Every structure is written in structure tokens, then in C-alpha cells.
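In order, the protein sequence lines correspond to chains Z and X.
Position one of the first sequence corresponds to residue 20 (this note's numbering), numbered consecutively onward.
Position one of the second sequence corresponds to residue 20 (this note's numbering), numbered consecutively onward.
The block underneath contains the structure these notes are about, expressed in C-alpha cells.
Number of protein chains: 2
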Amino acid sequence: MPPSAGRVTIRDVAAAAGVSRGTVSRVLNGEGYVSDRAREAIERAVRTVGYVPNTAARNLALNRSGAVGLVVHEPHELFLEDPNIGAILLGANEVLSSADQQLVSLVIDSERDTERVVRYLRGGFVDGAVVVSAREHDALLEAMQRTTLPTALVGRPPHGVRMPWVGIDNAGAAAAVTRLLVDGGRGRVGIIAVGLDRDSGADRLAGFRSALGAAFDPALVVERPLYEYAAGRDAMRELLDRAPDVDGVFATSDAVAAGALEALRAAGRRVPDDVALVGFDDSSWARRCRPALTTVRQPARDLGAAAAQLVLDQLAGVPAEPDGRLLPTEVVARDST
Amino acid sequence: MPPSAGRVTIRDVAAAAGVSRGTVSRVLNGEGYVSDRAREAIERAVRTVGYVPNTAARNLALNRSGAVGLVVHEPHELFLEDPNIGAILLGANEVLSSADQQLVSLVIDSERDTERVVRYLRGGFVDGAVVVSAREHDALLEAMQRTTLPTALVGRPPHGVRMPWVGIDNAGAAAAVTRLLVDGGRGRVGIIAVGLDRDSGADRLAGFRSALGAAFDPALVVERPLYEYAAGRDAMRELLDRAPDVDGVFATSDAVAAGALEALRAAGRRVPDDVALVGFDDSSWARRCRPALTTVRQPARDLGAAAAQLVLDQLAGVPAEPDGRLLPTEVVARDST
DNA sequence: GGCAGTTCTGTGCACGGTCACAGGCGACCG
DNA sequence: CGGTCGCCTGTGACCGTGCACAGAACTGCC
């Protein structure tokens, strides 16, 4: 009865049901050619003896590891702060655990980490991988391409890399919020463009640019490497310096927008009266800022779930469609515009 | 060479080194009685053939699962929002992965989840468990006590439960910040007391109360169930309603304090001029609020690491000390007091 | 009743490690 | 020089499951 003393195995079930191990195995795996009588006896026996399959033994026999890696290429602090990453993780975990797979998260914080993670992924410790926020010329992806490990990306892959992926239409969403600013009567619209080495950053800038058309002014673009509060604050200061007449700002994440809000307040600009501000993500930041942020809702949890499903499909033998899938986003209008 | 075709096993290493499997196993596990010559040959062979141990096989032979559960008894949203939980997770993961154990996170969101998690923990899927934020009369803990699964708690266990744990001196820290308010000349000090069914909530209230002594006024205590921004905002409104003369507030987490700040601002109270405010956690909230929050720094990552270590110790056969260990906290004075 | 075909079941082996045991080998000692 | 002892090594059994194969049981048909 206590789980420590002599584990209940498939043999015990077989004995209790009066059949052989093979038949029990067939029932447990739902394979054909089992008589109803045997099936019922086995199902009853499973309950009475309290059988729980041994994952390690099953994995060994099936020559798999039973785990899927979730690679996050961001510093540890961002891993904690960014609600998108957490939501992607939860979504992926949900899908994977229902397929009897563990999720193991691998955080790449430095170059040394890349090497460690590649070693881990190629070492047979995982059956597949979900890669979040890959960069252009990512050493990780280059290594992954030379491997047969089933992989899926969250976000559009860098140029030249072909992998199954799921993402959002960053350019379209960025264009939509930019038009919102323009249609609201803002004539000097700037952008705090973050993470340009990633699909999200590059595409959001591209969408912004295309929505403005001829009105686009490179002087109103401030770039920063990471989606951080502090980056938003400092970038906004720089933008105010360079263009004091700015009257609309697209901050490419909510955390960045919150930082920008702080800088605007410090500079005595009223939002949205003097400057209209939009964010991206619809994270808790957006709801909590005062004024609450106009932003873009991004289905992060679904992205994680869909990417995990892409990996599971490949494991099941379904050929991976090389093209990506886009999940819908939604502009959420609040008080900052 | 490709990892898919015919995995490299301990036998290949043995053949390459000209020894037997047993000797290779001894070298890999660092056991005694191996000649230097054999050891060197094996280490060289490991590198040349590119050997990577198979976790499933090892776990099967050792009759273990190779995983430790991290049980978080909070809603999913809080799991994403609360940086403490993320930090505990990172700390635990760090320690566990260096001991070759996976971390699998189990979120309890509803009563149904409790049952599922208990089944999982007792089913032999994990070798141990770390339980975060256990409640009084927690069905999970009651089930865990009837099991021999090595377990450690983050936070003091509820009354009547004896388990290894690591936590912080919530009462002492709460008393310290309360005294900070009193010493700053605040005479009407209130508290937004959250999570009273947990050690953190109950002890922080107790510390607050003892620090105030005779000045303690039950009318200045507002209770809420969860450590949420919205709870802080609403509770602060209620407190202002009940006691308009309040001039100091201890919000028992930074997120709650941020919500309180919002309510104070909406009510036209200046912080810290009219009302002094302190939080708890020293999360990013504290640094980002305006004014930046005075708060208590809590070593969340270390708590996770220490709890994981307690589980590993038990797995290694070290008897668990029944008393808990307290990690130090630190009052961080900023602009809100 | 014999036979072919289908449905169902049992058995042995494989997965890749760990561990206990038996025994070889050299050194040391009486 | 033979026996003992400590160091080192190889072998076989085992962990719990899946799978392939062989064969048993049943069915239907001539």
C-alpha cells in the first residue's frame, strides 16, 4: 500500500487479472485485438491493485526521454518580469502534460549558456524543443538546424531559417495602433523600438513605418536592446530631448510603455492630453498604469500551447508544415490615447 | 555521429576503453576501487565516442523518477504576476538541475487540482516535493503527511504540521517596518492584511500588531484573501473610508502597496507627505512605483534553493531536521516613507 | 471433420543502466 | 613459499515496460 514498499507493476496487474503482461500492455496502450472479457478484467485489476505506470521504464523501452525543452533567450530578470514568457510557459506546459511529457525550461542568459543548452538538447535529454524569442544569427538555431530534433518556434524565424512556428502579425498589429494614434490627430508620432534583432522588434518597427508612410521620421525612432521598464524610461527621455514636439508614442511593450509614462510624467507632459501613448502585450502593466494603457492583446498562452502542439505533432510523425501560423491579436483601447 | 542513429551506450565506452561495463559505471559514479589507468582510459573513451548517460535507464535502475515537484497553491494569474514565485522557481531549479533532477511545477488553482496533484505526487512521478504557500488546514499537506515522500516547505508550516521548512521572519520584518512608520511620526497606522490563512499573512499581521502595542486599532485593519494589485486598491479605499485620518499604511506585499498607492492618489492624498506607505518583497513593483516604495527585501531565490536542498538532503538519506531555518530579510528605505 | 483465416494471447528479448557477487592479481607477512 | 588481505575487474541478474513473433482459440466454409 505505501508507495515505497515494492512498486506495483504491470506483472501484478496481469496476475490479478489472470492474463499475461503483453495483454495488459495492449490494453493500457489501447491497441486492437483484445477480448472484451480480458479488457474488463484488466481495467478492474488496475483499479484494485492501484497500478501506476512507471515513466522511466516506459521511456526506456520507447527510446524517448519524455521531456520537451522550452528555450528562453532572455536574462533571468526578464524571465521573471515579462508576463508573456510566463504565459507561454503555462500554455506549453498544459499541452505537454496532457501528452505525458515534462516541460523543462532552459534559460539562455549568456553565450556560455547557449553552448550548454545546445549540448543538452542534442544529448538526448529531450524529445523536442520550443524556442522562444530567437534572434537573428542565433547560434542556437544554427545548431538546431543541423539536428533532427523536432522543434517549433514562438515567433517568426530569422531570415534563412525554416522551422515550424506560430506567432502573431507583429507588423499588422503595430500598423493598427500607429493608425490609431494618427487618426487621433497626432502628427509627430515616435516609437521606442526594442529588440530589433528579433522578429517582434523588427516587425513592429516595420509596421509602424509602413503605417506612417511619408510622415515617418527617423529622428523619432529610439532603439533599445531589451524589453525593460528602465529602457522605456531612458528612451522616452531621449526622445523628448530629440523631438520636444512629439505628441504620440508607440512603445513596443507594456513594460517599456510604463517606463515611458514615468519619463513623460517627470517631464511634465500629460497623457494623453499632451502625448498619446500605446503599448504592446496587454499585460498587467497596461491595466495598472495611470492612465491605463491602450495596447495590443497578444494570446501568449495560446502561442505556447500551439508551439507545444507543433512539437507533439512532429513526434507523432505528422510532417511539420514549413509555414507558420498566425494567431489573432486585438487592439485594446484604454485611457492613454 | 547523428544522435538519432544508434545511441552511444556505456557498452560502447567499455569497448573503446578495453574494460567492462561495471568499471565504466564505477568511474561515472565516482565510486572507489578503480585503477588510475582504467579511469583515464574510460574518461578518454567517454570523450571520443561522445557518451551521454541515458536518464531513463538510470532512473529505472535506481528506482527513482528523477523529478521533484514544486507545488504552488495560487491562481494561475498570480503565478504569472508574483515575482516571488518565479524567483523561488528559479532558485529551486538551479539547485535541482545540478543534482540531475528535473523540476516539475504543479499549480493548484481549484479544489479539483488538489486531488490531481496529490495523485501525481503519490503516484511515484516525483522523488520529492517543495510546497510553496501552504494554507491552514491544507488538504494537500494533510495528504502529504501520510506519505513518506521527502518534502520541504517554503514558509512556516501551519499549526500541527511538522515538516522541514525554510522561510523568513515575517513577524520580525513586519514589526521592523511598522516601527519605521511609528518612528517617522505616524500616529494612525493601518494595515492591509492579506492571505491570513497562510504563515506570511498571519505572521505579518502579528508582527504589525506587536510593534504597535497599545496603539493598535482593529478599525485600521483591512483584510483581503490574495496578494493582488486590485485587492490593495480596494482595501485602501475601504481604509480611507473607515479612517480618513490614517497617516501610515503597511501593505503586506508590493503589488498590494502599488494598488494602495493608486487609491491614495485617486483620493488626493500625497505619499509620503499625507500618508506613508510600506510594502513587502522588494519586487520590481517597489522600484517602479512613484514614489518608490519602502519595503522588505525577501531572498526569494535563496528560499527556493534552500527548500530544494532540503529535499535533496532527504533523498541522500540525511535525516530532515524538523525545525525550520530562517533566511535574513532587510528593510529597504525608499521614498514612500 | 479438415482447413484457412481471423482474432486473441503468451513469451522472450531489448532498452541502458546499477549493483552484488565472485574471483583474479599483486603485495605483504609469517 | 604459501596464505591472507586489499585492491581492482568482469559477469549476470534486475529495474518495468514495449514489441515482435509464435502459436492457441475461435469462426466459417466446403
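Glycine is no exception: its CB is placed at the ideal position from the N, C-alpha and C atoms.
In this text, all values refer to a predicted model and were calculated from it rather than measured experimentally.
Close to chain Z, meaning a Cβ-Cβ distance shorter than 8 Å, are the following residues of the segment 98-116 of chain X: 98, 99, 100, 102, 105, 106, 109 and 112. With its beta carbon at least 8 Å from every one in chain Z, residue 129 of chain X lies outside the interface. Proximity to residue 146 of chain Z across Z/42, Z/90, Z/85 and Z/256 peaks at Z/85, based on C-alpha coordinates. Here the C-alpha atom of residue 352 of chain Z lies approximately 41 Å from the C-alpha atom of residue 227 of chain X. Under the 8 Å criterion on CB atoms, residue 189 of chain Z is classed as non-interfacial with respect to chain X.
When Cβ-Cβ separations below 8 Å define contact, residue 142 of chain Z makes contact with chain X. Distance from the CA of residue 127 of chain X to the CA of residue 136 of chain X, rounded to the nearest whole angstrom, comes to 7 Å. The beta carbon of residue 48 of chain Z does not come within 8 Å of any beta carbon belonging to chain X, so the residue lies off that interface.
When only Cα atoms are considered, residue 287 of chain Z and residue 210 of chain Z end up about 19 Å apart.
Chain X has no Cβ within less than 8 Å of the Cβ of residue 93 of chain Z. Taking 8 Å as the CB threshold, residue 245 of chain X stays off the interface with chain Z. At least one CB of chain X lies nearer than 8 Å to the CB of residue 281 of chain Z. Looking at the DSSP output, residue 85 of chain X bridges to nothing. In the structure shown, the three-state DSSP call for residue 203 of chain Z is coil. Listed as beta-bridge partners of residue 300 of chain Z by DSSP are Z/316. Under DSSP, residue 215 of chain X forms no beta bridge with any residue. Counting along the chain, the unbroken alpha helix (DSSP H) around residue 281 of chain X starts and ends at 273-285. Note on residue 252 of chain X: 16 or more other CB atoms within 10 angstroms of its CB, so buried under the neighbour-count rule. Judged by DSSP in its simplified three-state form, residue 125 of chain X adopts strand. Judged by DSSP secondary structure, residue 98 of chain Z falls within the alpha helix (DSSP H) whose first and last residues are 95-100. C-alpha of residue 182 of chain Z to C-alpha of residue 176 of chain Z: approximately 7 Å in a straight line. A direct Cα-to-Cα measurement between residue 104 of chain Z and residue 98 of chain Z gives close to 6 Å. Excluding the 5 residues flanking it on each side, residue 33 of chain Z has same chain C-beta neighbours closer than 6 Å at 39, 40 and 43, in chain order. Shown here for residue 302 of chain Z: same chain residues with a beta carbon closer than 6 Å to its own, the five before and five after excluded, namely 102 and 273 in chain order.
Taking the beta carbon of residue 160 of chain Z as reference, no residue of chain X falls within 7 Å; the closest one sits roughly 17 Å away. Inclusion of residue 170 of chain Z and residue 269 of chain Z in the CB contact set at 8 Å is not warranted, their separation being larger than that value. Pairing residue 89 of chain Z with residue 185 of chain Z gives a Cβ-Cβ distance that is not under 8 Å. Beta-bridge partners of residue 187 of chain Z (DSSP): Z/346. DSSP places residue 144 of chain Z in the coil class of the three-state scheme, outside both helix and strand.
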